[in-house]
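Trainee: This is the structure, below, for whatever I ask next.
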Amino acid sequence: MKIDDLILRCYAEQDTDGTWFAICLDLNLYARGDSFEEVRVKLNKLTTCYLKEAYERDSVYFSDLIPRRAPAYFWARYYLAKCFKMIHRSLASKQDFNMPLPFVPAF
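Residue numbers for the sequence shown follow our numbering, beginning at 0 and rising by one.
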């Protein structure tokens, strides 16, 4: 396992109504909220629950559930946002971010 396998790529965008949505591209999980921080927290909780359930209850199907890639449309928007961010650092309505893979070591 490479260290990059422990990073989840995520993308958040502010919608026209002012709300935000965030998607975990590696697991195809989605959250919506009133602020970037809110969707980031919601997506983190959702991801943690999803991984826990996949590992504890669906361990037979774990390799089918992880990774579970988002549609190409969202990947394109993610990479577009990364390009724009490099070109124009003050782009506030789109955010890309990584989350460490939430897991607890087995003792």
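Where a beta carbon is used, it is the ideal one built from N, C-alpha and C, also for glycine.
Would you call the segment 66–73 and the segment 33–42 touching, i.e. three or more CB-CB distances under 8 Å?
Mentor: Verdict: no, contact absent.
Trainee: If you measure from the beta carbon of F35 to each beta carbon in chain C, is any gap under 7 Å?
Mentor: Of the protein chains in this structure there is only one, and it is not chain C.
Trainee: For A75, which three-state DSSP category applies?
Mentor: helix
Trainee: Less than 7 Å separating the beta-carbons of Y10 and Y77?
Mentor: yes
Trainee: For L7, which residues from the same chain have a beta carbon less than 7 Å from its beta carbon, with the 5 sequence-adjacent residues on both sides left out?
Mentor: C23, D25, L26, T46, N97, M98 and L100
Trainee: Out of K51, E52, R56 and E12, which has the shortest C-alpha to C-alpha gap to R39?
Mentor: E12
Trainee: Do F61 and A53 have their C-beta atoms closer together than 7 Å?
Mentor: Contact flag set, yes.
Trainee: Using only alpha-carbon positions, find the residue among E37, V59 and L28 that is nearest to Y107.
Mentor: In the structure as shown, the chain begins at 0 and stops at 106. Residue 107 is therefore absent and cannot be evaluated.
Trainee: Along the chain, where does the alpha helix (DSSP H) containing R31 start, and where does it finish?
Mentor: Counting along the chain, R31 sits inside no alpha helix (DSSP H); it lies in the beta strand (DSSP E) bounded by residues L28 to G32.
Trainee: Can you grab the Cα-Cα spacing for the pair T18 / S58, in whole Å?
Mentor: 35 Å
Trainee: Tell me whether L45 sits in a helix, a strand or coil according to DSSP, three-state version.
Mentor: helix
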